């Protein structure tokens, strides 16, 4: 499920990137025809750059959050593995004690 969401996000970002590049490519020839057009085009590019920076920051924060969740889950998983090991050891010791008790009980009869 998480992998699907990751791929979907990647496709969304790539689609936006393609649209952005196409928009810049289409607007450039018209923009260089006049000084006013150049200035307007540069302002649009600056806005795009700022938007990309904000998206990058947001994505990096999201990535850090996901890493934190992963680390917490990994710690919990390791704790559960340790509990399972302890359970197996206690169970083995208990079974050994039962065998020993049965052996002693059979000797006493």
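Residue numbers (the UniProt record's numbering): 1 to 109.
All C-beta atoms, glycine included, are put in the ideal place defined by N, C-alpha and C.
Bear in mind the structure is a predicted one, so any value in this text is a computation, not a measurement.
The region 40-49 in contact with the region 65-72 per 3-pair CB rule at 8 angstroms: no
Quick check: what's the CA-CA separation for residue 87 versus residue 100? Residue 87 and residue 100: Cα-Cα distance of roughly 20 angstroms.
Bounding residues of the alpha helix (DSSP H) (the contiguous stretch that carries residue 51): 35-108
Three-state secondary structure assigned by DSSP to residue 32: coil
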